[in-house]
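A.B. asks:
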Amino acid sequence: MEKILIIGCRNTMDDVCIGCSRCLVAFNRREGQFERYRDREAEVLGILNCGGCPGASIVQRLAQVKLWNVPLNEQPTTIHIGPCLSDHCAHADDVITKIQAKSGIEVIEGTHPYMPEKIWS
Numbered sequence: 010m011e012k013i014l015i016i017g018c019r020n021t022m023d024d025v026c027i028g029c030s031r032c033l034v035a036f037n038r039r040e041g042q043f044e045r046y047r048d049r050e051a052e053v054l055g056i057l058n059c060g061g062c063p064g065a066s067i068v069q070r071l072a073q074v075k076l077w078n079v080p081l082n083e084q085p086t087t088i089h090i091g092p093c094l095s096d097h098c099a100h101a102d103d104v105i106t107k108i109q110a111k112s113g114i115e116v117i118e119g120t121h122p123y124m125p126e127k128i129w130s
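According to my numbering, the sequence shown is numbered sequentially starting from 10.
1) Taking the DSSP output, what are the residues bridged to VAL53?
2) Just to confirm the assignment: which complete beta strand (DSSP E) runs, minimum length 3, are found wholly within the segment 97 to 123?
3) CYS32 and THR86: beta carbons closer than 7 Å?
4) Looking at C-alpha atoms only, which residue of ASP23, SER30, ILE16 and ASN82 is the closest neighbour of GLY55?
5) Note down the Cα distance separating LYS111 from MET124, rounded to an integer number of angstroms.
6) Output yes or no for whether 7 Å exceeds the beta carbon distance between PHE36 and VAL25.
7) Please list, in chain order, all residues of the same chain as VAL116 whose beta carbon is under 6 Å from its beta carbon, the five residues on each side excluded.
8) Name the one or two DSSP bridge partners that THR87 has.
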């Protein structure tokens, strides 16, 4: 079973996004970058923010996810980078490079396909 960790921008997640609902809706509907799980068992293991600009604490945050989930025998198998980070962050390239280098698992840029004009349609 795929265990997905979603990573987004702390500023956006704290101030703009409402509970990261678009990422979760896309996962539940298997839309956007989550289409790849349409015919597979998958679940969201967690949602993590980058730790704040410039993303200097992302490696430590990933280590915490691993540490906290060891007793539960749960570890992410795939990381999805939310559009709040991949599309709108000035530090995105550095943060994503760190995640790819240190996580040792597949990193996919993108989650939901919903742009603001589609939210209420």
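Just so you know, even glycine gets a beta-carbon here, dropped at the ideal spot from N, CA and C.
C.D. replies: According to the data block:
1) ILE13
2) 115 to 118
3) no
4) ILE16
5) 30 Å
6) no
7) ILE88, ILE108 and GLN109
8) ILE13 and GLU115
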